[in-house]
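Since the structure comes first, as structure tokens, the remarks are kept for the end.
Residue numbers (my numbering): 7 to 174.
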């Protein structure tokens, strides 16, 4: 489960640093995520939680897969990304899955409780746009696979080098 839109913070910072203005305002998603985490824990079934700050969603998922020895299969169509962030990422040459997020949580929960956790998170102040984006499997171990919007599959590698844009 991802608790909200990804990429907002990193794209907002990159546009300010580069002096780029868009027709629409892209604002940072900096926000406390404790309400989301606490709510998920109360429902139960939480196996792992991470913030996708440095390296974005891609790095967070790859770290979770690596540490657990399991694989994470995600669906591109279910990842909450604003259209403005997609367009700005493309213009800036960035992958929105690798862009810093500051007010988002990534949670791995029991599949039997995923819908209940999602429903509860969506009622919190910072979880209205939460989405179930995939599932955990045994194979291929320590890998993240992305099902693309056109139905293909590819490995989602962790970002190379410094996170872009660098935030600290």
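Beta carbons: idealized from backbone N, C-alpha and C, even for Gly. Values in this document were obtained by computation on a predicted structure and should not be read as measured data.
Is it the case that the CB of residue i approaches a heavy atom of the ligand PLP more closely than 7 angstroms?
i	result
residue 103	The ligand PLP is absent from the structure shown, which contains no ligands of any kind.
Hey, would you say residue i sits closer than 8 angstroms to residue j, going by beta carbons?
i	j	result
residue 100	residue 144	no
residue 117	residue 17	no
residue 42	residue 15	no
residue 104	residue 140	no
residue 45	residue 138	no
Reducing DSSP to helix, strand and coil, say where residue i ends up.
i	result
residue 167	coil
residue 182	Residue 182 lies beyond the range of the chain shown here (7 to 174); nothing can be said about it.
residue 122	helix
residue 140	strand
residue 153	strand
residue 42	helix
residue 7	coil
Could you tell me the boundaries of the beta strand (DSSP E) in which residue i lies?
i	result
residue 160	159-161
residue 80	77-81
residue 55	52-56
residue 113	112-115
Is it right to say residue i is buried, meaning 16 or more other beta carbons lie within 10 angstroms of its own, or is it exposed?
i	result
residue 158	exposed
residue 58	buried
residue 174	Unreliable placement is indicated for residue 174, whose pLDDT of 47 sits below 50; the coordinate value is still reported in the next sentence. Under this definition residue 174 is an exposed residue.
State the start and end residues of the unbroken alpha helix (DSSP H) segment that holds residue i.
i	result
residue 145	From DSSP, residue 145 is part of no alpha helix (DSSP H); its letter is neither H nor E.
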